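The block underneath contains the structure these notes are about, expressed in structure tokens.
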Amino acid sequence: MGFYDWLRNHQGEVIGVQQWVDETSTFPFSTRFDGVEANVKHGVLRIFFGQSREVDEGNSCDQDFGSNRLLFTGESVALTFHAPYLIAER
């Protein structure tokens, strides 16, 4: 599926996650959900956990791999992440 970055604001708080997708032709990109931004051309999906969209790009480059799963059936989609070491703030 590619790698993902935890999106942080300027205070270091995690405000979302950004998934970089390797195979864009098979990934169900959608912007029908609140807090989701999709850029199909670049294979990027951003999921925000709240209202804030002020991302500190320099502090949001974890490049984590693995343990995330894409689940979908019909109209339903779920993207999971596993990061037991992740702390809310850096």
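Quick note: the sequence shown uses this note's numbering, first residue 499, plus one each step. Just so you know, even glycine gets a beta-carbon here, dropped at the ideal spot from N, CA and C. Fair warning: this is a prediction, and the values are worked out from it, not measured in the lab.
Problem set entry | W504 beta carbon less than 8 Å from that of L584 | In contact: L584 and W504 (Cβ atoms closer than 8 Å).
Problem set entry | Nearest neighbour of W518, chosen from H508, C559 and Q549 [CA to CA] | Considering only H508, C559 and Q549, the residue with the shortest C-alpha distance to W518 is C559.
For this session: Return the chain-ordered list of same chain residues with a C-beta closer than 7 Å to the C-beta of T522, the five sequence neighbours on each side being excluded.
Result: V538 and G541
Exercise. Candidates E573, G548, G564 and S574: which alpha carbon is nearest E511's?
Worked result: G548
Exercise. Quick one: what does DSSP say G514 is sitting in, helix, strand or coil?
Worked result: strand
Exercise. With DSSP run on the structure shown, which of helix, strand or coil describes N557?
Worked result: Three-state result, N557: helix.
Problem set entry | Beta-carbon contacts of Q509 that lie in its chain and below 6 Å, excluding the five residues immediately before and after | Nothing listed; no residue qualifies.
Exercise. Within 10 angstroms of its Cβ, does G572 collect 16 or more other Cβ (buried), or is it exposed?
Worked result: By the 10 Å Cβ count, G572 comes out exposed.
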